[in-house]
Every structure is written in structure tokens, then in C-alpha cells.
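Asker: Numbers in our numbering are just positions in the sequence shown, counted from 1, shifted up by 398.
Cβ coordinates follow ideal geometry from the N, Cα and C atoms, glycine included.
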Amino acid sequence: MSRFDRYMLSQLMVLFGFFALVLVSIYWINQAVRLFDRLIGDGQSAFVFLEFTALTLPNVIRLVLPMAVFAGSVYVTNRLSNESELVVMQATGFSPWRLARPVVYYGLIIGVLMSVLTHMLVPISLDQMKQRENEISRNITARLLTEGTFLHPADGITFYIREITQDGALNDVFLSDRRDPERALSYTANQAFLIQDQGVVKLVMVDGLAQSYMASDKRLFTTTFDDFAYDISALLGSPKSGRRDTKHRPTWELIGQIDKVAEETRKSRAFVVEQLHFRVNQAFLCLAAALIGFSTLLLGQFSRFGVWRQIVGALVLLVIVKLVEGLATDAVRANAEMWPLVYAPSVVGLAMSAVMLQIAARPRGRRRRAQPTGAEVSG
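#1: Residue range of the beta strand (DSSP E) that M518 falls in?
#2: Tell me which same chain residues have a C-beta within less than 7 angstroms of the C-beta of L407, skipping the five on either side of it?
#3: Are the stretch 442-462 and the stretch 476-496 in contact at 8 angstroms, needing three or more beta carbon pairs?
#4: Suppose you measure from the CA of D565 to the CA of A587; what does that come to, to the nearest Å?
#5: Which residues in the same chain as A466 place their Cβ atom closer than 7 angstroms to its Cβ, once the five residues preceding and following it in sequence are excluded?
#6: Does the Cβ-Cβ distance between L695 and Q708 come in under 7 angstroms?
#7: Under 8 angstroms: do the stretch 567-581 and the stretch 540-555 share three or more Cβ pairs, one atom per stretch?
#8: Alpha carbons only, please: which of G691, V746, A734 and S744 is nearest the one belonging to G470?
#9: Going by CA-CA distance only, name the one from L453, S610 and M411 that's closest to Y473.
#10: Check whether the Cβ atoms of V604 and Q589 sit closer than 7 angstroms, and answer yes or no.
#11: Below 8 angstroms on the Cβ atoms is my guess for L721 versus V730; work out the distance and round it to an integer in Å.
#12: State the DSSP-derived secondary structure class of K665, mapped to helix, strand or coil.
#13: Looking only at DSSP bridge pairs, what is I593 linked to?
#14: Is there contact between the stretch 732-751 and the stretch 678-689, where contact requires at least three CB pairs shorter than 8 angstroms?
#15: Out of curiosity, what's the CA-to-CA distance linking S493 and H517?
#16: Determine the direct distance from the alpha carbon of N476 to that of F669, and round the result to whole angstroms.
#17: Hey, quick one: how far does the beta strand (DSSP E) through Y473 stretch, first residue to last?
#18: Run through DSSP, which three-state label would R368 get?
#19: Near D403, which residues of its chain fall below 8 angstroms by C-beta distance, leaving aside the five closest residues on each side in sequence?
#20: Closest to P521 by CA distance: which of D643, K665, G606 and V717 is it?
#21: Would you kindly report the start and end of the unbroken alpha helix (DSSP H) that includes D553?
#22: Please report how far the alpha carbon of L601 lies from the alpha carbon of S610, in whole angstroms.
#23: If you reduce the DSSP assignment to three classes, tell me which class R647 lands in.
#24: On the CB-based measure, 16 or more other CB atoms within 10 Å of its CB, does R647 come out buried or exposed?
#25: State yes or no: is the C-beta of F682 within less than 7 angstroms of the C-beta of S744?
#26: CA-CA distance, G546 and A567?
#27: Determine the closest residue to R606 out of F626, F591 and K616, with distance taken between C-alpha atoms.
#28: Which residues bound the alpha helix (DSSP H) around L568?
#29: Can you tell me whether A758 is buried or exposed, with buried defined as 16 or more other CB within 10 angstroms of its CB?
#30: First and last residue of the beta strand (DSSP E) that includes A498?
#31: Going straight from the alpha carbon of V714 to that of A444, what length do you get?
#32: With DSSP as the reference, label R760 as helix, strand or coil.
#33: Applying the criterion that 16 or more other CB atoms from any shown protein chain within 10 Å of the CB defines a buried residue, is L685 buried or exposed?
#34: Terminal residues of the continuous alpha helix (DSSP H) containing R731?
#35: Could you name the residues of the same chain whose beta carbon sits closer than 6 angstroms to that of A687, not counting the 5 residues immediately before and after it, in chain order?
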């Protein structure tokens, strides 16, 4: 690797790190706010919130890598062009194809990082997060035992506890069940206990009042009780199936076991095939994004108005690549035999970059064709 390649590659990596940090922060904060509302609102601790936000980080990084690699390529190319460094290198004999070599190194390095994420880190983190969600959904203490807060563990259910004592007793309990529109039930008790009886979770209320309101005839029935057991297993939800989704499985579990994974996840074989090749293609998309950003700006001439037209053109090309990706995804999910189409977005992106580099390699020829000949001038 020549000195110029190392210099340009270092510039690309530094700017990539900056844009990746900014974009990851924006996406991560957005997801963290939603997680905070969902977890803290359900009575989870701050440690659980931090654990979940950490588990979402690999997937967030995967989402922003193509955008960060494109932004870094555009910024560095624009800066080197404005400072005439690219002009100097072209004057020494460097063709656009030669100038693109450090950009190729840059795209391949980010592609390796993307491969580590898509094939290993993202599936493992999503799988771990799913397991923790299942554990929390079965955690009665986290779901119901919260003092001084009206909880809604299910639609039409309201639950309130004024105080929880050291020995686990629940003081001043209120439970409202309005799931049946024709009959509203309300229970209040001075004290209650949560017990498990052969896998069934029951709320045993002591010294309380039960009220039943019939909407049809608008009558209210009240009953006092010394003790009353209420089955709340349905409120907590049944334990979720341990079936692992395709996106929760590392790539090595998909290779050679497509039919088995499709049966276990209850997905079509075409869907599993598309997911496998989609992960592989993400690395090539990073390379295509880097080259699109570089080659598009290389076409621009110096202008005091900047290179905003070239930047807009590069963004349009990225949109085209994403449109091709969407069409290819739908086609492969409909027919597994069309799996090569998964790589169409990368092929289209690399082909467009090659065309622009070829055009940039012959700017003098274009200018000569645009100039009039001597006979035309004299005439």
C-alpha cells in the first residue's frame, strides 16, 4: 500500500468513525427512549433497562454502517478535491481507477465489520434479548408488585397496591376486571398474598369487598368476603414459545440446515434462504456505498457553488440501490430458486460506480469533443 493509499484510507476511517458515532447515537437514543417507557413503566429496574439498550446496540450499528460508510466517502472525497489533493495526484498520473483503490480497501474493511455483525453479533444479541423478554414476562414481581401505581397488565385490567410489607403481604389492594363489556368486576381487600398452586398463580385477598356491575340492567351486586382467591395467570400471559426466529440464529446454524430451520421457525424455505444471502450481501453493500460516494463526486468540476449536485446524485443512486433491494427481496421470498437476486443491489451499485469511474477517466476526451474545430472557428 502506497503512502497516498494509507493517507486517504486513514482519512476515510476517521470520518467513518465520526459519522458512525453520530448516527449510532441518534438511533440508539431513539430506541432507548422507547425501551425506557416500556421497561420502567412496567416496573423494571434501571439495570434491566441498561441491559436491553446494550443488547440493541449491535443491530443499531448494523443499520447505520452503510450510511456512515457512504457519508465518510463523500466527505473525504469532497475535502480532498477542494484542497486540490486529488488534482495533484491525477497530475502525477493517477487515474480515477487508481485513486479508487484506497476506497476499495475502505469498503472491504467496513464489509468485514458488517459481516461480523450480521453473521454473529446481531443474531446472538437478538436471541439473548428475546430470552430476557420471556424471563421478564414470567416475572410476577416485576409485572405486578409495584407500590402506589395503577398497573394495567392486560387490556381491561387495573391493579393497585398501596404498600408491600417485608413479609410479602400486599396492603390495600384494588383489582378491576372490565374485559367483559356486559359485566364489570371490582375487588378491594385490606390485605392480599400471591401464591402458586400447581403452576397456577393466584391472588388471595383477605377481608375485602367484591362488586359486580351488570350493564344490561344497570344493577350493582356487592359481596363481602373473609378470603377470596382470584386466578391471575391469564393476566400474566402464558409462557411464550421457546421457538427461535430466523433472525435470532447465527449464520452457521442456517448453512446446510435451511429446511430444518424453516420447519422449526414455521417460515417458508424461501424466507430462510433470503435471510441467509441477505446477511452475506450486507458486506458488499458497504463496498458499493463507499464507491458510489467516491465516484459520483469525482465527476464534478470545481464550482464556487460546491458539489451539492453530485451529492444529491449520489443519494439518488443509493435510493435506486435500496429500491432494487426491496424488489429482489420480494422476488426471492416468493421463489427460493431466485436467490442470486439478493446480490442484485450490490451488483447494481458496483456497476454504477464502475461506469462513473470510466467516465471520469476520460474527461479530456469529452472536452475535446465539446470544443469547435479550427475550421469551424475561422468560418
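Answerer: On the basis of the data shown:
#1: Run containing M518: none; DSSP gives neither H nor E here.
#2: P500, Y503 and Y504
#3: Here the stretch 442-462 makes no contact with the stretch 476-496; the two share fewer than three CB pairs at distances below 8 angstroms.
#4: 17 angstroms
#5: F414, F417, A418 and L421
#6: For the 7 angstroms CB-CB criterion, L695 and Q708 form a contact.
#7: yes
#8: G691
#9: Ranking L453, S610 and M411 by Cα distance to Y473 puts M411 first.
#10: V604 places its beta carbon less than 7 angstroms from that of Q589.
#11: Contact doesn't hold; Cβ gap of about 15 angstroms is too wide.
#12: coil
#13: K600
#14: These segments touch.
#15: When rounded, the separation of the alpha-carbon atoms in S493 and H517 is 36 angstroms.
#16: Computed Cα separation, rounded: 41 angstroms.
#17: That residue, Y473, is in no beta strand (DSSP E); its alpha helix (DSSP H) goes A444 to N480.
#18: Outside the shown range of the chain, which is 399 to 777, sits residue 368, and nothing can be said about it.
#19: R499, P500 and Y503
#20: D643
#21: That residue, D553, is in no alpha helix (DSSP H); it is neither H nor E in DSSP.
#22: 18 angstroms
#23: coil
#24: buried
#25: Taking 7 angstroms as the Cβ cut-off, F682 and S744 qualify as a contacting pair.
#26: 14 angstroms
#27: Sequence inspection shows Gly at residue 606; the Arg mentioned does not correspond to that position. Cα-wise, what sits closest to G606 is F626.
#28: From DSSP, L568 is part of no alpha helix (DSSP H) but of the beta strand (DSSP E) over L568 to D578.
#29: A758 should be labelled buried.
#30: No beta strand (DSSP E) holds A498; DSSP gives it neither H nor E.
#31: 42 angstroms
#32: The answer is coil: DSSP assigns R760 none of H, G, I, E or B.
#33: Residue burial is scored here from C-beta neighbours: L685 has at least 16 other C-beta atoms within 10 angstroms and is therefore classed as buried.
#34: That run of the alpha helix (DSSP H) goes W706 to A732.
#35: Once the five neighbours on either side are set aside, the close Cβ partners of A687 are P464, V467 and F468.
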